[in-house]
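Shown next, in structure tokens, is the structure this report addresses.
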Amino acid sequence: MNKSGLLKVAAAAATTAGLVSSLVLPSHVLGSSHREAPLISADPQADLTDLYAFVSPDRPDTVTLIMSVNPFESAYGGPNYHSFGDDVLYEFKVDNNGDALPDVTYQYEFKTTVQNPNTFLYNVGPINSLTDSNWNVRQTYTLRKVVGGTTTVLGTDLPVPPVNIGKKSTPNYPALASAAVRSLPGGGLSFAGQTDDAFFVDLGAIFDLLTIRKLPGNKGGGVDGLAGYNVHSIALQLPISEVTKTGTRITDPKADGAVVGVWATASRKATRVLSAGSSSSSGEWIQVSRLGHPLVNEVVIPRGMKDKFNSSKPADDAQFANHVTDPELAKLFNALYGIKVPPQAPFGDPKGRDDLVAIFLTGLKDLTQPVGVKPSEQLRLNVAVAPASKPNSLGVAGGDTAGFPNGRRLADDVTDIALKAVAGALYPLFHPEFTPDPLAAQLGDGVDANDKAFQASFPYLALAWQGSEAYPYGYKKAKERCTVPANAKRGARGDHVVALQACLHAKGLLKVAPTGFHGALTDEAIAKDAKED
Ligand SMILES: [Ca+2]
Ligand SMILES: [Ca+2]
Ligand SMILES: [Ca+2]
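For what it's worth, the numbering used here labels the leading residue of the sequence shown as 9, then goes sequentially.
Below, the structure written as structure tokens:
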């Protein structure tokens, strides 16, 4: 893999125009990993939606791992609001020597406590801190690290912040969320709680007669089907030295050990017993959800094997390899729309899709392929590649080797990347004689970014949508209002007025630049902001 080769491919594709009169996609194709298999779609608390792994942009001596669960979580789903499963074991697994077996595992287990069982309410007044007595239903967690059969407890009774209920119940949500970021022994950080869903994709169009709204998909025009929805996310930041096989921070991207593979799992106990008004679980943990690369269980694994994939281990991935080298989606591109896709064949056949094998199973040579790799589906990250100063959301396909499929950052447009890759956009890197169909490099869903701004520091995810202000998708898209501080009033001066005016100005509601004096124009702008929907 060389970067100039990648750039050449991207440039060649970009200069070729491709036109089609209609283009649709098969229904099971997209959705990252939201509701992707029959069994797990009935178990949202254990349904892993997305996994991210990247070198932390503001702390490049650390990596950040994030998993999200509970797809399509509405912000206003009370009074029994969404939560993690108390009877689910959530794990990050790291393979740091390429043998498809985990070497370092991080386990999260949650516990719900009710302060006052005599009220139906989640809270009986505003929640102003993580110890506020108004907060009735709380969740905490235990975090453990397992290495070579030895378990170390990294934290107990770590707090999950409340869900973002509304202006009265959770008036300062950013403070509640950041108070739940906890330091770990050894220099790591952990956060677990409700967040915005960082994945963006036009689900509505694709599931409606399988449409790309504005063909061929690289010119915007899509509608983010996950806009306004939350998920529950677990974020873990670790010194790089904690996850490498050398136990050191590796800084040479070509060094043995620079590539670590990551996947997430969710497990439930084997037996659940129901009795009137209660249920209990017992027995060994059974894995019910597995997630490495986005879209693999959708794009690659056929419907009849999807639940099996969720219960499988990377070490046994040879059973799925034919679906990577001979992908159904590429055949559909060809059969339905005449896109000229690369040749494909069963695993082991030299005519198979070695480009997709590299992306999904072995890693890209000289970037994400560990020395002596055993093919298996993991999200592989080269921890020695420094974070990009100007990230490209197309990642490696856009010439940015710090992005997907070198790990995955929150803003990486994995839908577009996967569509292009399956159609053959990266195939010439492996077979220079092959010219991809001009359409391959232009495929996309027309949604290019998340609907809410990510945070600049850990846990990076955008804050959870607020129940009293979120709107269901398809009705109205929720907008964030400017925060009006308690001491805002006509005639006031100060930094708090500047901050408020800057927000109103940025929204176009206050025509003049911030002055720091709260006058009639500021009052008018606040009134307009309150009426916006
Ligand atoms: Ca290993
Ligand atoms: Ca979102
Ligand atoms: Ca996209």
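Heads up, the beta-carbon is just placed ideally off N, CA and C, and yes, glycines get one too.
Here the stretch 252-272 lies against the stretch 96-116, with 3 or more beta-carbon pairs under 8 Å apart. The alpha-carbon of Gly454 is positioned some 24 Å away from that of Ile309. Under the three-state reduction of DSSP, Gly201 is assigned to strand. Applying a distance threshold of 6 Å between residue Cβ atoms and the heavy atoms of ligand 3 selects Asp421, Thr423, Asp424, Gly452, Asp453, Val455 and Asp456, given in chain order.
In this structure, DSSP gives Ala366 a helical state, which the three-state scheme calls helix. Relative to ligand 2, the nearest heavy atom lies less than 7 Å away from the CB of Phe208.
Asn78 counts as buried, since at least 16 other C-beta atoms from the protein chains shown sit within 10 angstroms of its C-beta. With respect to the 8 Å criterion, Phe62 and Gly415 are classified as neighbours on the basis of their beta carbons. Here Leu282 is exposed. Its C-beta has fewer than 16 other C-beta atoms within 10 Å. Residue Ser287 holds the alpha-carbon nearest to the alpha-carbon of Asp95 among Leu59, Gly228, Thr254 and Ser287. Straight-line measurement puts the Cα of Ser401 at about 10 Å from the Cα of Gly407. Taking C-beta atoms under 8 Å as the contact rule, Gly229 and Asp459 fail to qualify, at a distance of about 15 Å. Counting only runs of 4 or more residues that sit fully inside the stretch 338-395, the alpha helix (DSSP H) segments are 362-365, in chain order. Approximately 16 Å separates the beta-carbon atoms of Gly411 and Leu427; this is outside 8 Å, ruling out the contact. Rounded to whole angstroms, the separation of the alpha carbons of Lys277 and Leu73 is 25 Å.
Per DSSP, the unbroken beta strand (DSSP E) holding Leu151 starts and ends at Val145 to Val155. Under the three-state reduction of DSSP, Ser49 is assigned to helix. In this structure, Ala54 sits near Gly93, with a CB-CB distance shorter than 8 Å. DSSP links Pro167 through a beta bridge to Thr148. In the structure shown, the three-state DSSP call for Ser186 is helix. Runs of the beta strand (DSSP E) lying entirely within the stretch 483-507 and spanning at least 3 residues: none are present.
Arg276 carries a strand assignment under DSSP once its states are collapsed to helix, strand and coil.
A distance of 8 Å or more separates the beta carbons of Val506 and Gly527.
For ligand 2, the residues with a Cβ under 5 Å from any of its heavy atoms are, in chain order, Asp204, Asp205, Asn458 and Asp459. Taking a C-beta distance under 8 Å as the contact criterion, Gln474 and Tyr181 qualify as a contact pair.
Here Gln245 is buried: its Cβ has 16 or more other Cβ atoms, across all protein chains shown, within 10 Å. Partner residues in the beta bridge of Asn238, as assigned by DSSP, are Glu81 and Asp204.
When DSSP reads this structure, Gln509 sits in no beta bridge, so it has no partner. From the listed residues Asn238, Lys515, Glu441 and Leu303, the smallest Cα separation to Ala83 is found for Asn238. Burial state of Asn226 is buried, judged by a 10 Å Cβ sphere holding 16 or more other Cβ atoms. The beta carbon of Leu364 sits closer than 6 Å to the beta carbons of Val332 from its chain, once the five residues preceding and following it are set aside; these are given in chain order. By the neighbour-count criterion, in which a residue is buried when 16 or more other Cβ atoms sit within 10 angstroms of its Cβ, Lys153 is buried. Around the CB of Thr121, fewer than 16 other CB atoms lie within 10 Å, so the residue is classed as exposed. In this structure, the straight-line span from the alpha carbon of Lys175 to that of Ala323 is close to 48 Å. Apart from sequence neighbours up to five positions away, the residues of its chain that approach Ser465 with a beta-carbon distance below 6 Å are Asp66, ordered along the chain.
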